[in-house]
Amino acid sequence: MAWPDVQGAAPGTEGGELLLYIGLGQSLLALVPRLRPLGLKPGPLDPARAWVFAATGDPRVADDPTLDLPEAALAGLHPHLRHGRSGPLTSASAVIVERLGPQDRLLTVNLARRNTRISAFLPQEAAFRNVELCLRRTAGIAAAQGLAFRRFVVSFVQGQADAQTPHRLYRERLACLVDGLATALASVTDGQGRLVFCLSQTTATYYIGRRGVPLAQLELAEGRPGQVILAGPEYMLERSDGVHLKPRSAVRLGALHGRAIRSALEGAGWEPLRMVEALVTGREVRVTFAGGTGDLEVAGVEPGPVDVGVRPLPNLGFVWQPPRGAATRIVAAQITGRREVTLTLSDIPHGLDRTFLALGFPEVIGAPEGFVGGDPTTAQGAATGLRTRGDGTGPFGEPIQDWALLQQIVPRRSESA
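Per the numbering used here, residue 210 is the first one in the sequence shown, and the count goes up by one each step.
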């Protein structure tokens with residue numbers, strides 16, 4: 210099949226590239242339940258460069274993409290359309306396509322399904338075979354049109370279905386998925402392809418094992434820089450029912466992924482806002498942060514209904530986790546530098562090698578994981594009170610802010626102490 214000749218453009222011009230972008234995960238990408246649409250004027254993202262397989266202009270190609278897809282589902286190519294029910298992948302694609310070259314093309318496919326565990330996406334499963342089918346189809350299109358096919362991007366938004374999966378097992382399965390995707394890409398690019406695997410950190414709720422999912426996501430990103438990137442957390446986004454995103458939140462989640470992916474593809478790398486060190490001197494702990502744009506600030510609860518926000522959190526969401534039997538706790542937290550927070554403890558801590566400093570995991574975590582009705586105080590899931598002031602503008606003209614990740618790190622004694 211020839212690539213559509215759009216607006217007189219000559220597809221396949223020398224130097225052009227075809228970028229495949231696939232979404233895997235649960236309902237936050239699958240857009241379940243579907244809600245009242247946004248007031249967006251329908252139209253193509255970019256009639257010359259942004260494409261999907263479905264005639265509807267939507268990235269989705271099947272009601273259940275965890276079953277084997279018929280090849281007919283990938284037979285056509287159609288402009289990627291923005292409309293009132295567009296989800297995160299459309300929002301992310303709009304950000305990515307802005308920086309593509311004039312002869313480049315972006316092909317977006319949504320293979321997410323509600324309430325699906327990570328094991329369903331692993332190699333040998335039908336969902337993974339569907340990814341391989343998309344890769345082969347994309348390679349064939351690129352070859353027929355004289356386009357290079359080297360880069361494969363995946364947005365993975367998943368975790369709620371693995372609420373009770375142990376931390377280590379979830380991390381192993383996540384690594385297995387990334388390895389499988391890299392191998393599948395290599396098989397259709399003669400080893401010349403590059404995979405960018407983009408996560409957003411799922412919000413933790415009350416299950417003990419559930420807290421391990423966001424930590425495993427961060428650990429994999431730290432262990433595979435350049436290949437795995439963590440766009441940021443999700444806890445600050447408004448929900449329809451405490452779990453599923455509202456339409457504007459879905460657009461914001463996509464923009465978060467798109468910004469991180471675009472930065473990674475451009476070679477600038479991507480660093481989410483996170484703790485990198487905690488130094489103890491007496492009763493004080495100096496916590497250093499990296500990543501994000503702009504200075505640190507406290508995310509206060511704004512008056513009136515909001516789309517993005519957090520509830521008031523003791524000590525900005527920091528919790529000192531000492532060895533068993535110790536009663537040391539945080540009694541104060543304040544921003545003391547552009548990338549620094551200083552914590553005050555109730556007493557001088559001991560046993561630092563058996564202590565954790567947690568951020569975003571309050572003593573009591575419950576459902577719902579996100580807030581509803583424009584009121585951040587309705588949320589009970591993991592969250593932090595820290596973000597950056599940010600720069601630039603988001604999808605609705607708001608400042609782009611980076612929110613701190615959910616973390617646990619081991620503090621150490623300052624050498625000057």
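Idealized CB from N, CA, C, for every residue including glycine.
### Query
From residue 227 to residue 313, what distance separates their C-alpha atoms?
6 Å
#### Entry: Beta-carbon proximity check, residue 319 vs residue 232, cutoff 8 Å
yes
### Message
Let's test the definition: count the other Cβ atoms within 10 Å of the Cβ of residue 559 and tell me whether it reaches 16, buried, or not, exposed.
### Response
exposed
### Task
Can you tell me which of the three DSSP states residue 324 falls into?
coil
### Query
Cβ of residue 366 within 8 Å of Cβ of residue 237?
yes
### Message
I'd like to check one pair, residue 595 with residue 652: are the Cβ atoms closer than 8 Å?
### Response
Residue 652 is absent from the model: the chain starts at 210 and stops at 626.
### Message
Let's test the definition: count the other Cβ atoms within 10 Å of the Cβ of residue 371 and tell me whether it reaches 16, buried, or not, exposed.
### Response
buried
### Message
In whole angstroms, give me the CA-to-CA distance for residue 294 and residue 578.
### Response
23 Å
### Task
Locate the beta strand (DSSP E) running through residue 312, then write down its first and last residues.
Note, residue 312: premise wrong, no beta strand (DSSP E); not H, not E.
### Query
Any idea what DSSP makes of residue 466, helix, strand or coil?
helix
### Task
Please look up how many angstroms separate the CB atoms of residue 269 and residue 471, rounded, as I've assumed it's under 8 Å.
Incorrect: roughly 23 Å between the Cβ atoms, too far for contact.
### Query
Below 8 Å, can you find three or more Cβ-Cβ pairs linking the segment 279-286 to the segment 321-338?
no
### Task
Measure the Cβ-Cβ separation of residue 261 and residue 289 and say whether it is below 8 Å.
yes
### Task
Locate the alpha helix (DSSP H) running through residue 305, then write down its first and last residues.
297-306
### Query
Run through DSSP, which three-state label would residue 481 get?
coil
### Task
Would you mind stating whether residue 564 and residue 530 have Cβ atoms separated by less than 8 Å?
yes
### Message
Quick test of your reading: residue 527 and residue 561, contact by CB under 8 Å. State the CB separation rounded to the nearest angstrom.
### Response
About 16 Å separates the two Cβ atoms, so there is no contact after all.
### Task
Just mark residue 224 as buried or exposed, buried being the case when its beta carbon has 16 or more other beta carbons within 10 Å.
exposed
### Task
Identify which residue in 419, 384, 544 and 346 has its Cα closest to the Cα of residue 374.
419
#### Entry: C-beta atoms of residue 546 and residue 616 nearer than 8 Å
no
### Query
Under the three-state reduction of DSSP, which class applies to residue 259: helix, strand or coil?
strand
### Task
Identify which residue in 395, 399 and 412 has its Cα closest to the Cα of residue 571.
412
### Task
Please report how far the alpha carbon of residue 592 lies from the alpha carbon of residue 573, in whole angstroms.
11 Å
### Message
On the DSSP letters alone, give me the boundaries of the alpha helix (DSSP H) that residue 430 sits inside.
### Response
421-432
### CA-to-CA distance, residue 602 to residue 610, given in whole angstroms
9 Å
### Task
In the DSSP assignment, find the alpha helix (DSSP H) that holds residue 396 and state where it starts and stops.
376-398
### As assigned by DSSP and simplified to three states, the class of residue 347
helix
### Query
So, residue 300 versus residue 460, is the Cβ gap smaller than 8 Å?
yes
#### Entry: alpha helix (DSSP H) segment containing residue 449, residue limits
Run containing residue 449: none; DSSP gives neither H nor E here.
### Task
Could you pull the start and end residues of the alpha helix (DSSP H) that residue 239 belongs to?
236-239
### Task
Provide the residue span of the beta strand (DSSP E) that contains residue 597, from first to last.
595-597
### Query
Considering only residues of the same chain and omitting the five flanking positions on each side of residue 430, which have a CB-CB separation below 7 Å?
408, 437, 438 and 439
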